[in-house]
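Contents: one structure, followed by commentary.
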Ligand SMILES: Cc1cc2nc3c(=O)[nH]c(=O)nc-3n(C[C@H](O)[C@H](O)[C@H](O)COP(=O)(O)OP(=O)(O)OC[C@H]3O[C@@H](n4cnc5c(N)ncnc54)[C@H](O)[C@@H]3O)c2cc1C
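Residue numbers (this note's numbering): 3 to 511.
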């Protein structure tokens with residue numbers, strides 16, 4: 003949607019960035035307080051395609067049940083069929099020889115593969131519909147913060163620069179991270195040096211089509227669900243790639259790698275380099291041989307992980323990528339948006355109601371700081387050491403996903419949207435789970451290092467097909483967790499003992 007700037011220069015809330023985070027926050031605010039004067043300032047005249055295309059269970063809940071988008075998502079995007087993982091080693095030369103983990107049937111809890119340009123336009127349109135004023139294209143420059151007072155924003159729009167004031171600024175500027183950079187709060191996560199290269203493609207083979215079914219009949223019938231609308235992950239040593247279908251036929255395909263473990267090819271066109279990289283994997287070779295990237299739609303980003311040292315104060319709050327970003331593996335980006343936009347809206351609304359803000363602000367800052375750091379240590383730190391190693395990753399995946407279902411994704415479904423006020427790992431009762439997850443994550447990374455040294459890395463990355471029945475919020479989900487726990491114990495007894503008494507060393511190998 004396109005819009006012109008309103009004449010007024012005084013608002014209750016100014017939202018910087020009108021994509022998902024900004025527009026969602028505006029909707030949450032206006033739904034509670036329809037009389038709030040909310041201005042959304044969006045730099046782009048129209049949203050381009052962007053990464054962030056797979057939702058998971060929390061973000062699915064947020065989009066469907068909080069923003070009310072179920073029908074729209076069903077009509078205009080694709081229902082996602084979970085995650086699938088494809089491992090390889092030199093013995094796996096064809097698609098059907100690559101070890102697979104994924105659901106045997108369709109998924110049980112809704113999630114979607116979304117075209118972010120279309121989704122974000124729709125959410126922004128709905129924000130305007132509930133009363134937000136949208137100024138677009140308009141770029142925010144400096145923001146003068148005045149705790150407890152009115153915040154002043156410098157806005158460039160239509161060739162002029164003007165000042166706009168608001169009691170609250172919501173920074174939803176994405177990776178630009180306007181406030182965090184301006185205030186010197188932005189911290190690169192140097193313990194997690196990852197990069198990504200991605201594009202949208204045509205000509206990627208149909209996972210569920212007759213060609214592959216004819217070529218690999220046993221492989222095709224093994225899965226009773228649909229493989230093509232899953233987020234398919236190709237895994238290698240120190241890297242992974244996603245293959246995500248978009249409504250209309252294009253595919254989003256990209257690679258994320260740990261800069262300490264992978265050297266990205268230096269020569270050639272960016273699209274060629276990406277394609278050649280993917281062709282080293284047997285599944286990439288089969289699916290992508292005739293694929294062509296969309297001209298002008300090849301992108302890259304270095305040092306993906308960062309966080310702001312401050313998330314909120316009296317007069318401002320950071321949401322979505324403007325607050326922090328961790329890692330796209332498992333697609334937690336929109337979960338973070340769900341938590342941060344919900345919490346931001348609650349803070350602003352409490353301020354509007356005249357409630358005392360300092361304790362709320364302190365709680366919010368602590369919760370998001372803890373959540374970022376613990377989420378990182380529990381799930382992502384040094385994961386690139388072992389994510390391409392089937393025997394280690396299968397256990398980590400079962401534990402990660404099982405615990406996510408039991409302790410994180412189930413919460414909003416059981417308690418309602420208020421559960422989004424507590425980002426993952428921020429509550430005291432999540433602490434033991436955090437410690438447990440950090441422990442096994444460290445142990446798998448350590449075992450992967452030893453496997454590399456002993457030449458055993460990836461020895462079962464071919465010839466296995468692990469088709470799981472899928473997780474739910476029922477206590478029965480604990481059963482695969484128990485199996486995974488036993489599997490981890492076995493790995494410790496058979497090989498982990500070699501590192502029990504050595505000090506864990508940092509990720510470089
Ligand atoms: C490689 C990769 C893969 C990913 N995959 C997934 C995934 O599968 N699932 C998932 O959930 N997440 C994923 N993410 C994360 C996801 O892309 C982001 O979390 C999400 O897009 C952030 O949305 P946002 O609204 O916070 O920011 P953005 O989408 O970046 O929007 C920010 C908006 O602010 C505007 N803006 C910026 N500066 C200004 C300014 N000065 N004035 C006015 N407007 C401004 C921009 O124009 C933009 O529209 C991925 C990220 C990466 C890097």
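Where is the CB? At the ideal position from N, CA and C, for every residue including glycine.
- According to the DSSP assignment, residue 17 belongs to no alpha helix (DSSP H) but to the beta strand (DSSP E) extending over 12-18.
- In the structure shown, the three-state DSSP call for residue 357 is coil.
- As computed with DSSP, residue 27 is found in no beta bridge at all.
- The Cβ-Cβ distance between residue 13 and residue 75 does not fall below 7 angstroms.
- Each residue's CA atom was taken as its position, placing residue 45 and residue 165 some 16 angstroms apart.
- At a cut-off of 6 angstroms, the beta-carbon of residue 30 does not count as near ligand 1: no heavy atom of the ligand is closer than that.
- Following the DSSP letters along the chain, one finds residue 253 inside the beta strand (DSSP E) bounded by residues 253-260.
- About 5 angstroms separates the beta carbons of residue 374 and residue 309, which is inside the 8 angstroms limit, making them a contact pair.
- Residue 292 holds the alpha-carbon nearest to the alpha-carbon of residue 274 among 292, 264, 260 and 288.
- Between residue 19 and residue 182, the gap from beta carbon to beta carbon reaches 7 angstroms or more.
- For residue 141, the enclosing beta strand (DSSP E) begins and ends at 140-146.
- Between residue 388 and residue 463, the C-beta spacing is not below 7 angstroms.
- Check the Cα spacing between residue 343 and each of 187, 23, 16 and 9: the tightest is with 23.
- For residue 499, there is no enclosing beta strand (DSSP E), as DSSP marks it with neither H nor E.
- Ligand 1 has a heavy atom closer than 6 angstroms to the beta-carbon of residue 55.
- Going by DSSP, residue 432 is part of no beta strand (DSSP E) at all; its letter is neither H nor E.
- Here the alpha carbon of residue 360 sits roughly 16 angstroms from the alpha carbon of residue 169.
- Contact check between the stretch 443-455 and the stretch 494-503: three or more CB pairs, one atom from each, fall below 8 angstroms, which counts as touching.
- Between ligand 1 and the CB of residue 269, the shortest heavy atom gap is not smaller than 6 angstroms.
- Shortest gap from the CB of residue 176 to any heavy atom of ligand 1: under 6 angstroms.
- Here the stretch 197-215 makes contact with the stretch 248-258; the two share three or more CB pairs at distances below 8 angstroms.
- Looking at 81, 98 and 337, the one whose alpha-carbon comes closest to that of residue 88 is 98.
- Residue 467 and residue 102 do touch by the CB rule: their CB atoms are close to 5 angstroms apart, below 8 angstroms.
- Three or more Cβ pairs closer than 8 angstroms define a contact, and the stretch 280-298 falls short of that threshold against the stretch 136-148.
- Within the stretch 38-75, the complete alpha helix (DSSP H) runs of at least 4 residues fall at 59-63.
- Under DSSP, the beta-bridge partners assigned to residue 247 are 253.
- In this structure the stretch 222-236 does not touch the stretch 302-321; the number of beta carbon pairs closer than 8 angstroms is below three.
- As the crow flies, the alpha-carbon of residue 357 is around 16 angstroms from that of residue 31.
- Rounded to whole angstroms, the gap between the alpha carbons of residue 321 and residue 153 is 17 angstroms.
- Proximity to residue 430 across 380, 372 and 385 peaks at 372, based on C-alpha coordinates.
- Only residues of its own chain outside the window of five on either side were considered, and among them 60 and 426 have a CB closer than 7 angstroms to the CB of residue 410, listed in chain order.
- Between ligand 1 and residue 172, a heavy atom-to-CB distance of less than 6 angstroms is absent.
- According to DSSP, residue 165 shares a beta bridge with 156.
- Under DSSP, residue 85 forms a beta bridge with 233.
- Distance check between residue 184 and each of 405, 311, 7 and 41 places 311 closest, using alpha-carbon atoms only.
- DSSP places residue 412 in the uninterrupted alpha helix (DSSP H) bounded by 412-417.
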